[in-house]
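Going down the list, the protein sequences come from chains P and C. Under the numbering used here, the first sequence has 66 at position 66, and the numbering climbs by one with no breaks. Under the numbering used here, the second sequence has 539 at position 319, and the numbering climbs by one with no breaks.
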Amino acid sequence: MIRFDNVGLRYGSGPEILRDVTFHVLPGSFHFLTGPSGAGKTSLLRLLFMSLRPSRGLIFVFGENTADLPASGRAALRRRIGIVFQDFRLLDHLTTWENVALPLRVMGKKESDYADDVTDLLHWVGLGSRIHAYPEVLSGGEKQRAAIARAVIGRPEMLLADEPTGNVDPAIGNRLLRLFVELNRLGTSVIIATHDYALMDQLDAPRLMLYEGQLQVSGP
Amino acid sequence: MTVLNDIRDYPWTSLFAGILPARLAAKLPRQFQAQSTPIVPPASIAGNALTVVIAIMTFLACLTAGGVYMVNQSANAWVDDIASEITIELDPLDAADIEKKITLVSLFLAKQKGITRVKPLSADDSAKLLEPWLGSTAALSALPVPRLIAVEIDRSSPPDIDLIRNALNQNFEGVTLDDHRRWQSEIKLITRSTALGGIAVLGLVAAATIAVIVSATRSAMASNRTIIEVLHFVGANERFISSEFERHFLGLGVRAGLAGAVAAAVAFMLLPFMMYLLGGGVVTEAETRRLLGSGELDLGGYLLLVAIVFVVAALCMITSRFGVFRVLKSHA
Chain P
1 MIRFDNVGLR YGSGPEILRD VTFHVLPGSF HFLTGPSGAG KTSLLRLLFM
51 SLRPSRGLIF VFGENTADLP ASGRAALRRR IGIVFQDFRL LDHLTTWENV
101 ALPLRVMGKK ESDYADDVTD LLHWVGLGSR IHAYPEVLSG GEKQRAAIAR
151 AVIGRPEMLL ADEPTGNVDP AIGNRLLRLF VELNRLGTSV IIATHDYALM
201 DQLDAPRLML YEGQLQVSGP
Chain C
221 MTVLNDIRDY PWTSLFAGIL PARLAAKLPR QFQAQSTPIV PPASIAGNAL
271 TVVIAIMTFL ACLTAGGVYM VNQSANAWVD DIASEITIEL DPLDAADIEK
321 KITLVSLFLA KQKGITRVKP LSADDSAKLL EPWLGSTAAL SALPVPRLIA
371 VEIDRSSPPD IDLIRNALNQ NFEGVTLDDH RRWQSEIKLI TRSTALGGIA
421 VLGLVAAATI AVIVSATRSA MASNRTIIEV LHFVGANERF ISSEFERHFL
471 GLGVRAGLAG AVAAAVAFML LPFMMYLLGG GVVTEAETRR LLGSGELDLG
521 GYLLLVAIVF VVAALCMITS RFGVFRVLKS HA
């Protein structure tokens, strides 16, 4: 599904942040991406999401070499990936419902075709009473769940989450983890970037560990 | 073709909502309301200043196009008038027999094919034609004023002018035929010059409009950078992102274009009264009418203003589209 071959990344003429990163993500798998702050977790996620180009090496996403892809090809692949940002990136002038429906609107689907799905998903993530609320009146946990709902509404084949529990209390963090596990059971590959070891200990999943720009895989 | 698709996909029924102020738009029937909240907020695209600038550009474009149209219509009417008439001029030196000569020439002309009416002008009529330059004076009768014969020709089967000219030269002495070709060519030259001047002004207005829209598109994209990033993250392609911007600019172009065109239409309606308002008298009005015909736009002229609204709206939309593509490419 995703393959990194000797990928290196540097910003401008600075030092290499990622060096010789090689790994393979299989369909339906669940991975944690971890490492100390500044180890390059977010940069690795951005490479996975094709919002950065590697300085060297090859990245294959859904079998496509991302170096050869035009902008339209990258957009098509991004529709198969859901991403949850640490800072949520919800659009303030849209309601929770409209924010969650955004990927389907971008796909060109008719509102009448997806209206019920969006409402059902919002109920499922516990935001049934906040459908018409704007992001500025949502709590951190609610924003996080709205961002996750937006990432999964298009039924992506892969879900990337950057510190999804970083802004919520442990109880909500555990609830969100259960949500990711449920999605994984439904067939979505999941990569969660986190440095929350308590969260990782709750699940027996492989860990992609970044340290000083290099990646090691541990666990089952 | 993608531009045509965008025009087809544009929510035209909600255009009224985009044109009217928000308070009035909220009172429109449901089918005329916007179907969903715009992804790019309209308020972040451009303020009233841009709308006013585009409206002024449209106003200037409409005034120019309408003015050229009126001059063109007036010139066509002149050409039509003088093309249906020729003038025979008799040298006044042979004053003793001039009346007899006029009668003979008139009779000769009346027999020619393609001539519908022959009207000899009396000495007084000929002198009156000089009054605007020499005034009404008794001295006119002492001057050797050429005598004229006005000849109307059948436009549907016109005579062979050169044949008549040769025949007149052979049969009469001191008789010349003026078919007004020099006037016609000069009028056409003036009309063409006016049209070229108008096209140059329209070109400048279009260039200024494009520059303003490009600048507005860039600033709109800069202020909506977060939204563009999120759209990229949820898989939007360049076409989708550009359509979100160009939709606003199309609405803006229609609103501003309509305002400018309506203002220009009102100006054209007031034009006949303008001379009085500015203190002009009957003579001023007559001279204006000579230049601009009736001084009013006909249906064709108003349709031209409507066409300008469409052109301005399309210009806004297409310019913003290419502006967005360019900025997205530079981001990539």
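Cβ coordinates follow ideal geometry from the N, Cα and C atoms, glycine included.
So which residues on chain P does residue 450(C) lean against when the C-beta distance must stay under 7 Å? Those within 7 Å of residue 450(C) in chain P are 89, 91.
If you draw a straight line from the alpha carbon of residue 403(C) to that of residue 338(C), how long is it in whole angstroms? 21 Å
Just curious, the alpha helix (DSSP H) that residue 426(C) is in, first and last residue? 401 to 443
Closer than 7 Å by beta-carbon distance: list the chain C residues that pair up with residue 83(P), in chain order. Result: 453.
Please report the straight-line C-alpha distance between residue 468(C) and residue 139(P), rounded to a whole angstrom. 32 Å
Assign residue 353(C) to buried or exposed, taking buried as 16 or more other Cβ atoms, counted over all protein chains shown, within 10 Å of its Cβ. The residue in question, residue 353(C), is exposed, as its Cβ has fewer than 16 Cβ neighbours within 10 Å.
Given 8 Å as the limit, is there contact between the segment 302 to 320 of chain C and the segment 409 to 428 of chain C, that is, 3 or more CB pairs closer than that? Short answer: they don't touch.
Since residue 164(P) meets chain C, which of its residues come closer than 9 Å, beta carbon to beta carbon? Going along chain C, no residue has its Cβ under 9 Å from residue 164(P), so there is no contact; the nearest lies around 15 Å.
What three-state label does DSSP hand residue 530(C) in the structure shown? Residue 530(C) falls in the helix class under three-state DSSP.
Would you verify that the beta carbon of residue 106(P) is, or is not, closer than 8 Å to some beta carbon of chain C? yes
Local conformation of residue 161(P) per DSSP, three classes: strand
Per DSSP, residue 189(P) forms a beta bridge with which residues? 158(P)
For residue 180(P), count the other beta carbons within 10 Å of its own beta carbon; 16 or more makes it buried, fewer makes it exposed. Which is it? buried
Pick out whichever of 371(C), 434(C), 461(C), 271(C) has its Cα sitting closest to the Cα of residue 332(C). 371(C)
C-alpha gap between residue 157(P) and residue 81(P), whole angstroms: In a straight line, the C-alpha of residue 157(P) is about 6 Å away from that of residue 81(P).
What residues from chain C crowd round residue 71(P), counting only those whose CB sits closer than 9 Å? Contact annotation for residue 71(P) against chain C: 457, 458, 548, 549, 552 [CB-CB distance below 9 Å, chain order].
Taking beta-carbon pairs under 9 Å, can you tell me which members of the segment 118 to 146 of chain P lie near chain C? Against chain C - using a Cβ distance shorter than 9 Å - the segment 118 to 146 of chain P contributes no residues.
Alpha helix (DSSP H) runs wholly inside the segment 286 to 335 of chain C, at least 4 long, in chain order: 318 to 330
Could you tell me which chain C residues have their CB closer than 8 Å to the CB of residue 103(P), listed as they occur along the chain? 454, 455
Where residue 86(P) falls: helix, strand or coil (DSSP): Residue state, collapsed to three classes: coil.
Examine chain C for any beta-carbon lying closer than 8 Å to the beta-carbon of residue 79(P), and answer yes or no. yes
8 Å Cβ shell around residue 374(C) - same chain, five flanking residues per side excluded: 334, 335, 336
In whole angstroms, what separates the C-alpha of residue 445(C) from that of residue 526(C)? 35 Å
Whose C-alpha, out of 202(P), 2(P), 127(P), 7(P), is nearest the C-alpha of residue 26(P)? 2(P)
Identify which residue in 277(C), 262(C), 259(C), 247(C) has its Cα closest to the Cα of residue 478(C). 277(C)
Give the range of the beta strand (DSSP E) segment to which residue 396(C) is assigned. 395 to 398
Is the CB of residue 179(P) under 8 Å away from at least one CB in chain C? Under the Cβ distance rule, residue 179(P) does not count among the residues neighbouring chain C, no pair being separated by less than 8 Å.
Just the Cα atoms here: how many angstroms apart are residue 137(P) and residue 190(P)? 29 Å
So if DSSP puts residue 25(P) in a beta bridge, which residue, or which two residues, is it bridged to? 2(P)
What does the alpha-carbon distance come out to for the pair residue 462(C) and residue 517(C)? 38 Å
Can you tell me which of 212(P), 84(P), 74(P) puts its alpha carbon nearest to the alpha carbon of residue 153(P)? 84(P)
Put residue 202(P) into one of helix, strand or coil per three-state DSSP. Under the three-state reduction of DSSP, residue 202(P) is assigned to coil, being neither helix nor strand.
From 486(C), 443(C), 294(C), 345(C), residue whose alpha carbon lies closest to that of residue 283(C): 486(C)
Check whether the Cβ atoms of residue 303(C) and residue 418(C) sit closer than 8 Å, and answer yes or no. no
From 425(C), 355(C), 466(C), residue whose alpha carbon lies closest to that of residue 539(C): 466(C)
Going by Cα to Cα distance, which pick from 39(P), 10(P), 8(P) is closest to residue 208(P)? 39(P)
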